[in-house]
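Student: Below is a structure I'd like to ask you about.
Residue numbers (UniProt numbering): 1 to 265.
Below is the structure:
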């Protein structure tokens, strides 16, 4: 999260002073290694845990992602590119240039580039001491934003829903949009993504569980996998039909079988 430097109280509202961050972040053609990709995933998971630990739901998509040389997918989302910034502002103008991306790559190599969420206009903060089981929203609130179609938590006639698990599925959907073809280079992405977007929201990872799984698995990756170049995404494919597991070794497929999302009937 971007830190608050000062609050300026006015009669009817307050102004928040924050450090200047980047223009809208566009990761396409920026990621050079799998370490870059995983660093972004890690940062966004930590951000979601930060919010959920404070009983805050973002409720809209945080980022539209694409990997180096990956085909951009859609621009009409709320967990989208316009809602993610990085901690480097190149100039005083709300524009982005090729040399900005090049400099971001050098910062990313140095491990000092981080990411933050913006766009909290429909976010909701529940009372800090409210039990999570009581933090639910009416079904029609799931229609807010423009990515609600990707999460089916209210598609069966439910009259309310859990916005925290909905947040996880929205972020998982965005990861799938650009990273679901990368398990051959980071095998744990297959169970991580499946458990973030599973239709069974009662067994879906919480944000904390997703982060813990990531942090447990990441150190096990060999350096050659972290240094691998993320291959091009040939074409967009529905995350509900794409087989993230097809190129995984049989022993890993067996070990993580309980995390695998079954095919739709």
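Even glycine gets a Cβ: it sits at the ideal position worked out from N, Cα and C.
When the Cα atoms are used, what is the spatial distance from residue 231 to residue 242?
Tutor: Those two C-alpha atoms are separated by around 16 Å.
Student: Is it buried or exposed for residue 255, if we count other Cβ within 10 angstroms and need 16 for buried?
Tutor: Exposed, by the Cβ-count rule.
Student: Roughly how many angstroms separate the alpha carbons of residue 196 and residue 112, rounded to a whole number?
Tutor: Roughly 27 Å separates the two Cα atoms.
Student: Rounded to whole angstroms, what is the Cα-Cα separation between residue 268 and residue 198?
Tutor: Residue numbering for the chain in the displayed model covers 1 to 265; residue 268 lies beyond these limits and cannot be assessed.
Student: Please check if any C-beta of chain C sits within less than 8 Å of the C-beta of residue 234.
Tutor: No chain C is part of this structure, which consists of one protein chain only.
Student: Reducing DSSP to helix, strand and coil, say where residue 220 ends up.
Tutor: Helix, per DSSP.
Student: Curious, which full-length alpha helix (DSSP H) runs of at least 4 residues does the stretch 158–221 contain?
Tutor: Fully enclosed alpha helix (DSSP H) runs of 4 or longer: 163–179, 189–197, 207–217.
Student: If you follow the alpha helix (DSSP H) that residue 37 is part of, which residue opens it and which one closes it?
Tutor: Segment 34–53, the alpha helix (DSSP H) holding residue 37.
Student: By DSSP, does residue 134 sit in helix, in strand, or in coil?
Tutor: It is helical.
Student: What distance in whole Å lies between the Cβ atoms of residue 163 and residue 57, which are believed to be in contact at a cut-off of 8 Å?
Tutor: About 4 Å; that satisfies the 8 Å criterion.
Student: Going by C-alpha to C-alpha distance, which of 249, 219, 250, 240 sits closest to residue 265?
Tutor: Checked all of 249, 219, 250, 240; the closest Cα to residue 265 is 240.
Student: Any idea if residue 227 is buried or exposed, counting beta-carbon neighbours within 10 angstroms, 16 or more meaning buried?
Tutor: Flag for residue 227 reads exposed.
Student: Do residue 45 and residue 210 have their beta-carbon atoms positioned less than 8 Å apart in this structure?
Tutor: Result yes, Cβ atoms of residue 210 and residue 45 sit closer than 8 Å.
Student: Inspect the CB distances between the stretch 35–44 and the stretch 171–191 and report whether three or more fall short of 8 Å.
Tutor: Because the criterion of three Cβ pairs below 8 Å is met, the stretch 35–44 and the stretch 171–191 touch.
Student: Please list the terminal residues of the continuous beta strand (DSSP E) segment that includes residue 284.
Tutor: No answer is possible for residue 284: it lies beyond the span of the chain, which begins at 1 and ends at 265.
Student: If we ignore side chains and look at the alpha-carbon of each, how far apart do residue 42 and residue 214 end up?
Tutor: Using only the alpha carbons, I get a separation of about 7 Å.
Student: Can you give me the start and stop residues for the alpha helix (DSSP H) that residue 253 sits inside?
Tutor: Its alpha helix (DSSP H) spans residues 250–255.
Student: Are three or more beta carbon pairs between the stretch 147–159 and the stretch 168–176 nearer than 8 Å?
Tutor: As far as the Cβ criterion goes, the stretch 147–159 touches the stretch 168–176, which means the pair count is three or higher.
Student: Label residue 130 either buried or exposed according to how many other C-beta atoms from any shown protein chain fall within 10 Å of its C-beta, with 16 as the threshold for buried.
Tutor: Its Cβ having fewer than 16 others within 10 Å, residue 130 is exposed.
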